[in-house]
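Residue numbers (the working numbering): 1396 to 1966.
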C-alpha cells in the first residue's frame, strides 16, 4: 500500500462502519433484524465496532419491523430494523406502511446487491427505491459511499420532524465496503427521538380557533394518536376543562387522558365505540379534532359527526390531514402540545357548573356502557365470552402494563372496555392497516423499550399462525412477556362481516383449532389452555406473575356469535 493510500485509509471508515456510527450518534440503542448475504459487511461492522447498541435477531423481517414499530411507540425513540436484499426487502414492507400511516418513525435498512452488479441478473436484484417509495415518508438508496453520512442525517430529520413517519435506506454491498471520510460522520442527537424540532402554530389561527370554541355550547374533543406522540397530556386535559368538553379518542389516541378522568369518554367510532359514546358525538355542536385524521373508523364512515351538523376545529401537525374529510371552521397547524397550550392560553375558562354538567353526562354514558359490559363479562358461558377475558385481564394486570393487541378480535373489546388510569402508551395496536401477526413480535419491542413493565400480547389464533416462530426469539431473549391467544378456529372479523352483510354466506374463513399451549411449550414457553371460565382469572394470574415467558390459550366464543362493539355488525 502506498503512503498516500495508507494516510487516506487511516482517516476513513467503510460505508458499513459509517452507518453504524451514524446510528450510534443519533442515540440508537437497539436494532431489530435478520441476517443475509448482502448484509455481511454491515454485520461485521456491528461485530467489530464498540458502539453500545444491541442487535435483536428476529426470525422474519416482517417481525423485525413490527418489533421496531412497537419499540418506537413505547420508547419515544426511532425504531431501527434491518434485513437483506430480495425477499428480506419485500418481507419488511408491511411494518413500514403501518408505521408511516401511524406517524411512527422507524428506519428500515435493507442491504442490496452491489451497484456494479445492477442489470446483470444478480441474485435478489430489484429496484428498492421504487419498491419502498409508496410505503415510507422518505426513501433513498445510497449509490456513493460519500453520501452515507448525509443520507443518514436526512433520514433521521425526515422521520422525526413535522409529521413523523417511516424511512428506508438501501445499502449496496460495494458501498458498504468502500471508504467514507470519518470527518463527515456527525449527527444531531435530538433527531433520534420524536417529535423533534416542534412546529409552532400561527398566532392568528390559534385566536380564530379560540373564538369558535368560546361560542360553543356543546363542544367535544376527539384525539387521535397525534397528541399522544406529542406528549400533550396536560394540554388536552386543560382544554377539556376550559371548554367543558368530553374527551373522546380514536383507537390510537388511547392514553391521552386517564380513563378515570371525569371528562374521559373513551374510544368512539366503528371499532370500540358504543351507542352511549356515539350519543355524545351526535349531540356536539362543535368538534375539535386533535392529531386525528377523521378517518372512516373514528367517524363511522364520516357519519358521526355528520357534515354540516356541527362546527369543526382541526389541530394537526400535518396540513394534508386537515379538510380532507370535513369542511373546517378553524385550522391550527402545529405540534399538538404547543398548539393546545397556546389555545388554552387564549381561552377564558368556562364555569365550574358547566364543567360539572359535562362530567355528569360523561359519567352517565360510561355507567350505561359498563353496566351492559358487566352483564356479559360475568357470564359462565362456554366457549368463554371475550368480555369475560377482558374483565379477567383487567383484574390481574398491573396498572403500568403494556398491552399489544392484534387488530382482529382483541382490538374492539380492549378499546371499548379495558381501562387504564395512566397517561401514555399502554395500549398498542396496528390500526392504520390492520394486518394480522402484529402483537406477538410487537410485544418483544414493547418489553425491550419498557423492561420494568409487564408486557402482554393478545392475539387471535389466526394472528398466532403468522408469527409463531418468534416464540423462539422470546425464549432466547428470556423475556417475561405473557401471550394470550383468543382461540376460536376462525378468521372471525371476516366471518362476522359475512354474517352481518352477506346473508351468512360463510366462505373459506374457518380453520382447524390448534393447541397453542402445546406449540408454545415446544418452544420452551410455560403455557396453559383454558376452557372453563371459572379457571380463567386464576390461570391468567399465574401467567402474569411468572418471571419467564408464558402463554394462555383461551377457548373463546367466535366473533360472529359475540356482541363485539363494532358498529356495522350491531346495525
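C-beta: ideal position from N, C-alpha, C; glycine also.
Measure the C-alpha to C-alpha separation of residue i and residue j and round it to an integer number of angstroms.
i: residue 1728; j: residue 1736; result: 13 Å
i: residue 1515; j: residue 1556; result: 39 Å
i: residue 1959; j: residue 1668; result: 10 Å
i: residue 1513; j: residue 1683; result: 51 Å
i: residue 1599; j: residue 1654; result: 33 Å
i: residue 1580; j: residue 1410; result: 11 Å
i: residue 1771; j: residue 1722; result: 40 Å
i: residue 1630; j: residue 1739; result: 8 Å
i: residue 1560; j: residue 1500; result: 4 Å
i: residue 1609; j: residue 1743; result: 8 Å
i: residue 1826; j: residue 1717; result: 20 Å
i: residue 1605; j: residue 1709; result: 12 Å
i: residue 1863; j: residue 1627; result: 36 Å
i: residue 1415; j: residue 1951; result: 46 Å
i: residue 1822; j: residue 1650; result: 8 Å
i: residue 1856; j: residue 1881; result: 6 Å
i: residue 1706; j: residue 1521; result: 49 Å
i: residue 1724; j: residue 1607; result: 8 Å
i: residue 1681; j: residue 1660; result: 16 Å
i: residue 1572; j: residue 1436; result: 7 Å
i: residue 1790; j: residue 1851; result: 14 Å
i: residue 1425; j: residue 1447; result: 9 Å
i: residue 1400; j: residue 1834; result: Unreliable positioning characterises residue 1400 in this predicted model, as indicated by a pLDDT of 42, which lies under 50. The coordinate reading is nonetheless provided below. Rounded to the nearest angstrom, the two C-alpha atoms are 51 Å apart.
i: residue 1423; j: residue 1535; result: 20 Å
i: residue 1679; j: residue 1730; result: 25 Å
i: residue 1913; j: residue 1480; result: 35 Å
i: residue 1527; j: residue 1413; result: 23 Å
In three-state DSSP terms, what is residue i?
i: residue 1710; result: strand
i: residue 1860; result: helix
i: residue 1522; result: coil
i: residue 1507; result: strand
i: residue 1890; result: helix
i: residue 1474; result: strand
i: residue 1852; result: strand
i: residue 1885; result: strand
i: residue 1480; result: coil
i: residue 1625; result: helix
i: residue 1822; result: strand
i: residue 1588; result: strand
i: residue 1399; result: Its pLDDT being 41, under 50, residue 1399 is placed unreliably in this model, and the coordinates cannot settle the point.
i: residue 1868; result: helix
i: residue 1469; result: helix
i: residue 1618; result: strand
i: residue 1804; result: coil
i: residue 1798; result: strand
i: residue 1502; result: strand
i: residue 1682; result: strand
i: residue 1460; result: helix
i: residue 1878; result: strand
i: residue 1785; result: helix
Pull up the CB-CB distance for residue i and residue j, whole angstroms please, since I reckon it's below 8 Å.
i: residue 1816; j: residue 1795; result: Not confirmed; about 10 Å, so no contact.
i: residue 1942; j: residue 1836; result: Contact doesn't hold; Cβ gap of about 21 Å is too wide.
i: residue 1465; j: residue 1502; result: So it is not a contact: roughly 15 Å between Cβ atoms.
i: residue 1587; j: residue 1551; result: 7 Å
i: residue 1809; j: residue 1779; result: Not confirmed; about 16 Å, so no contact.
i: residue 1954; j: residue 1891; result: 4 Å
i: residue 1830; j: residue 1493; result: 7 Å
i: residue 1537; j: residue 1566; result: 6 Å
Considering just the uninterrupted stretch of the beta strand (DSSP E) at residue i, what are its terminal residues?
i: residue 1628; result: Residue 1628 -> not in any beta strand (DSSP E); alpha helix (DSSP H) instead, spanning 1628-1638.
i: residue 1676; result: Element bounds for residue 1676: not the beta strand (DSSP E) but the alpha helix (DSSP H), 1670-1678.
i: residue 1846; result: Looking at the DSSP string, residue 1846 is not in any beta strand (DSSP E), and its letter there is neither H nor E.
i: residue 1660; result: 1659-1662
i: residue 1426; result: 1425-1428
i: residue 1452; result: 1449-1452
What first and last residue would you give for the alpha helix (DSSP H) that runs through residue i?
i: residue 1490; result: 1488-1496
i: residue 1609; result: 1598-1610
i: residue 1407; result: Residue 1407 -> not in any alpha helix (DSSP H); beta strand (DSSP E) instead, spanning 1407-1409.
i: residue 1440; result: 1435-1443
i: residue 1643; result: No alpha helix (DSSP H) contains residue 1643, which is instead part of the beta strand (DSSP E) from 1642-1644.
Runs of beta strand (DSSP E) wholly within the segment 1508-1577 (minimum 3 residues, chain order): If one requires a minimum length of 3 residues, the beta strand (DSSP E) runs lying completely within the segment 1508-1577 are 1533-1536, 1562-1567, 1574-1576, in chain order.
- prompt: Could you give the uninterrupted runs of the alpha helix (DSSP H) lying entirely in the segment 1891-1964, keeping only those of 4 residues or more?
  reply: For the segment 1891-1964, whole alpha helix (DSSP H) runs of length 4 or above, ordered along the chain, are 1911-1917, 1928-1940.
- request: Could you name each continuous alpha helix (DSSP H) segment of 4 residues or more that falls completely within the segment 1688-1760, going from the start of the chain to the end?
  value: Listed in chain order, they are 1731-1741.
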